[in-house]
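If you're matching them up, the sequences are chains R and H in order.
Going left to right, the first sequence walks through residues 2 to 499 as the working numbering numbers them.
Going left to right, the second sequence walks through residues 779 to 1204 as the working numbering numbers them.
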Amino acid sequence: MIRGAPVRSQGPSGDGTLLELSRPGRSAWSFPVLDVEPVDVPHEHRRDRAPGLPEVAERDLVRHFTRLSQMNYGVDTGIYPLGSCSMKYNPKLAETAATMAGFAGLHPLQPDPTAQGALELLWRLEGALCEITGMSRATLQPPAGACGELTGLLIMRAYHKAHGGSPRRKILIPDSAHGTNPASTRLGGYEAVAIPSTDRGLVDVDALAGLVDTDVAGLMLTNPNTLGLFEEDISRITDLVHAVGGLVYYDGANLNAIMGRTRPGDMGFDIVHINTHKTFATPHGGGGPGAGPVGVVAHLVPYLPVPRVERAADGTFRLSTDEPASIGRMHGFHGNFAVLVRAYAYVFFHGADGLQEVSELAVLNANYLAAAIEKDFPLAYPSGRPMHEFVSTASALERETGVRAVDVAKRLIDLGYHPSTVYFPLVVDEAMMVEPTETESKETLDGFAAALRQAASEARSDPHLLHDAPTTTPVRRLDEAQAARHLRLTWRADPPNG
Amino acid sequence: MLAAVGASSIDDLFTQIPPPLRLERSLDLPLGVSEQEILADLGSLARANTVGDDLICFAGAGAYDHFVPSVVWALAGRSELYTSYTPYQPELSQGVLQILFEYQSMVCELTALDVSNASLYDGATALVEAVHMARAGGRPRILVASGVDPRNVDTLRTYGRGSGYTPEPLGDDDPVGMAVEPDVAAIVIQHPNAYGLLEDVRSLAKAAHDAGAMLIQIFDPTSLGILSPPGELGADIAVAEGQPFGNRLNYGGPYLGMLATRIDHVRKMPGRIVGATSDVDGRPGYVLTLQAREQHIRREKATSNICTNQTLMALAATIHLAWLGPEGLAELGRQCASKAAYAFERLTAVPGVEPAFPGRAFFKEFTVRLPRPAVQVRDALVDRGFLAGVPAPWAGEDALIVAVTERRTRREIDALSDALSEVLAA
């Protein structure tokens, strides 16, 4: 079934950077003839040596970037089954919406009466996100999930300071959590305390009961959790934290599993962030931009960031900054607005029925794929039924053949597929975390499962195929140790001031 | 498919959710619609905003109406780049990785600094990250010059609540001979500043360095074809709002946080960094490097919590910068500076309109004092089709900051000036 690499570069070869394409005097730019008197900046401020930007014709840069794009894999190329990332196919209608002139040309400091459409969009989107999550109000300002986490933690600080004077000291986080949780915790001025998982992959509630005290500001959790399992004791967990006056934070990374089926607010969560770029389909652009709106329950609304969108009695909208208890501003302007336009398009295109179906198919696809590969890659926690993603392990295969999860991943590339997440979560040995999403067809899932089974079979018969993989890509395995040891972070052999 | 997983219905897949937590109703949202209907809805929302020729943009204050060449999104929009994820599988991601490497290279060329990361959220949060880098050395305090945009300071104040600092005003506006206390980690200056004015960065950098503190400069990337770069002015960390390269106004985002620094600080730098290396056959290639700084490895000891960033905006900026080249960037700066100078002459010739900082040099933005509250005048000019600028209430209710990019024409500037005369005469 060998299919060859899913990326390849066409046209004449050319491994160089833009700098190597540069020829003195070549250019792509054009500006109108200056129609006013030319003015120069004062001598003491003037740059005396031009920056070393490349000099290329438009033709050169079009071919350069086109060639580079061919060396890249995107969700439009094929399945991108990265656990914890929700890499679903994104409908193109959202792009049409986000690039409408009335949105793209809008200055963030325009007076509110000239931005009523944008404000109404934000207002409606906030309402929809609150309904989906069971929250009272939300801020759409955080530009990514990690920033949403910090927003939530700063809200916790402000809340505790207003209720008892101390922000408290600790945040409880499951040991399987994503790295942004502890990193945000420290930035929020808190100490991260790990909650152990049980051998079923769930929060150890008895251990949690021993950890909660009045020094605990809150707990951060995603549900389904990072292993793709639903925390069945969630009500007991949230009760334990509430009993000591703490708040419970929902990391929305896995919201794609539960829409229309259950809501964080109903589980007892007080603060929720949503990765709109995961759940509500913004193309990831090679790593961003995203958006990380944060919803809160009623008694935390005063602490939400400013500015906020408010609706007046006459139905007009305005940005409000006059909120004395607010934690302040999390972004230079109003967040990643054009990403939020895409989220709006996605949410209202799918509607109540469509969003529920998204989650149902996401869970069905994950369960189907998990079953199709479990003989070779068993679930790390087989006692629970996975939701929208699952964690398998290659540890048995590794013991038997010496082939590791990374080798399987690289072999998948030669077989035509983007691999799953590997070595995350950290609590699972030889982890392979798979999230097919709702947008993949049965044929694609069958093909991906067949490729995984083929890789497992080859691990036993021809392990070199896995150890040497990939062999069909523009480059093969890269030396990361060399990259970190001999830093080359720009195209200059010697840094300008080195 | 259900049979393959041992389920008889979709409901069987959700039985782990305890019954009391199940949502036993539909979400209270409209039902799904066709593409045609959702685009009609969004079209009507878009049309409820006043933009473009209906509201000629002289507003700046951190977001600028620059020209974005067609080639930028024709290439950045290629779906192999546009729909890719963070390049954790480098063999499938050489396109994005090489473009980020070229981005880092061009940011270093622009700023005359040694290293750049692969993007942050926006200019304001890039400043936050720079401050956190400076404070990692152990000194606690952060001083902020008076010309730093208040939105930047507000953002810094919010993040400082978690990290345990409060940005303090620098106080003394004359950097020559200034004494800086030994517990100061960094001084922050914006050049050109929030009023558009050019600052004496060199003297402030000297004062900071004499006291062992760092200098953080907020720069305007469109100025660096004609203005001295941060690295030559003595900045240790330079940050910017990179929106003008490749991004439309978009009501404030997504924009691009730029951050560059000297090589000595590279291990304290936040965010993703791309490095050049070679593969097992010796072929050159690119990978994410120094990942031991990042949250997915270092967790609570990471230099930052940033994960999702603004890669796509960095790709767009790379293409835009390559389109400009050194000559185009210089021409961009000259056009902005010249048109702003012309607008300054025209507007300050209107009776009652005064320069807020007479005699001070500026780049593409300047501040005027109006004989009436700036908000009132701005609103009256909206009715005449001009977004005349951004009121600066922190500098007085009569202060208006006016920005002039290369997109503005002499005719538009003349028309703004005439409209301002009429409004003030009324």
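Where is the CB? At the ideal position from N, CA and C, for every residue including glycine.
All of these numbers come straight from a predicted model, not from anything done at the bench.
- Counting only unbroken stretches of 3 or more residues, no beta strand (DSSP E) element lies wholly within the stretch 58 to 94 of chain R.
- Contact annotation: in the stretch 915 to 935 of chain H, residues whose CB is within less than 9 Å of a CB in chain R are D927, R929, N930, D932, T933 and R935.
- The shortest C-alpha to C-alpha distance from R/P7 to any of H/S804, H/S862 and H/A1054 is the one to H/S862.
- The DSSP assignment places 857 to 860 and 872 to 889 as complete runs of the alpha helix (DSSP H) inside the stretch 857 to 892 of chain H, in order along the chain (cut-off: 4 residues).
- The C-beta distance from R/L120 to R/V310 rounds to 5 Å, short enough to fall under 8 Å.
- In the three-state scheme derived from DSSP, where H, G and I count as helix and E and B as strand, H/H969 is classed as strand.
- Close CB contacts of H/D988 within its chain, under the 8 Å cut and outside five residues either way in sequence, are with V958 (chain order).
- As DSSP reads the structure, H/E1143 sits in a beta bridge with H/A1181.
- The alpha-carbon of H/A1158 is positioned some 14 Å away from that of H/D832.
- In chain order, Y842, D843, H844, C1114 and K1142 place their CB closer than 7 Å to the CB of H/T1183, counting only its own chain and leaving out the 5 sequence neighbours on each side.
- Interface with chain H (7 Å Cβ-Cβ cutoff): R/V407 is excluded.
- Straight through space, the alpha carbons of H/V906 and H/V1017 are spaced by roughly 10 Å.
- Taking 8 Å as the upper bound for CB-CB distance, H/S941 and R/E38 are not in contact here, some 48 Å apart.
- Residues of chain H with a Cβ closer than 7 Å to the Cβ of R/K443 are, in chain order, M779.
- R/R125 is the residue among R/R125, R/Q71, R/T181 and R/D36 whose C-alpha sits nearest the C-alpha of R/G352.
- Membership of H/L1066 in the beta strand (DSSP E) is indicated by the continuous run P1062 to L1066.
- For R/G219, the CB contacts under 7 Å within the same chain, skipping 5 residues up- and downstream, are M157, I172, V242, G247, L248, V249 and Y250 in chain order.
- R/R489 sits in coil when the DSSP states are folded into three classes, being neither helix nor strand.
- For R/T277, the number of other beta carbons within 10 angstroms of its own is at least 16, and it is reported as buried.
- Leaving aside the five residues that flank H/L870 on each side, none in its chain has a CB nearer than 6 Å to its CB.
- The way I'd put it, the stretch 262 to 274 of chain R does touch the stretch 789 to 801 of chain H; three or more beta-carbon pairs between them come closer than 8 Å.
- The beta carbon of R/S177 sits no closer than 7 Å to any beta carbon of chain H.
- Rounded to whole angstroms, the Cβ separation of H/L1066 and H/V1044 is 14 Å, and the two are not in contact under 8 Å.
- For R/F349, the enclosing alpha helix (DSSP H) stretches over residues F338 to I374.
- The alpha-carbon separation between H/V1201 and H/P970 amounts to approximately 30 Å.
- For H/R1156, the C-beta contacts it makes with chain R under 8 Å involve P112, in order along the chain.
- In the displayed model, H/P808 falls within coil according to three-state DSSP, outside both helix and strand.
- Within chain R, L479, D480 and Q483 have C-beta atoms less than 8 Å from the C-beta of H/S1056, given in sequence order.
- When secondary structure is reduced to three states using DSSP, H/Q995 falls in the strand class.
- Each residue's CA atom was taken as its position, placing R/H335 and R/A344 some 15 Å apart.
- For R/H274, the enclosing beta strand (DSSP E) covers residues I272 to H274.
- Using a Cβ distance threshold of 7 Å, R/L341 and R/A282 do not count as a contacting pair.
- The beta carbons of R/Y382 and R/L228 sit closer together than 7 Å.
- Within the stretch 190 to 204 of chain R, G190 and A193 place their CB atoms closer than 7 Å to a CB of chain H, listed in sequence order.
- Assignment of R/R27 by DSSP, reduced to helix, strand and coil, places it in the coil class.
- The beta-carbon distance between R/H274 and R/E150, rounded to whole angstroms, is 6 Å. This is short enough to meet the 8 Å contact definition.
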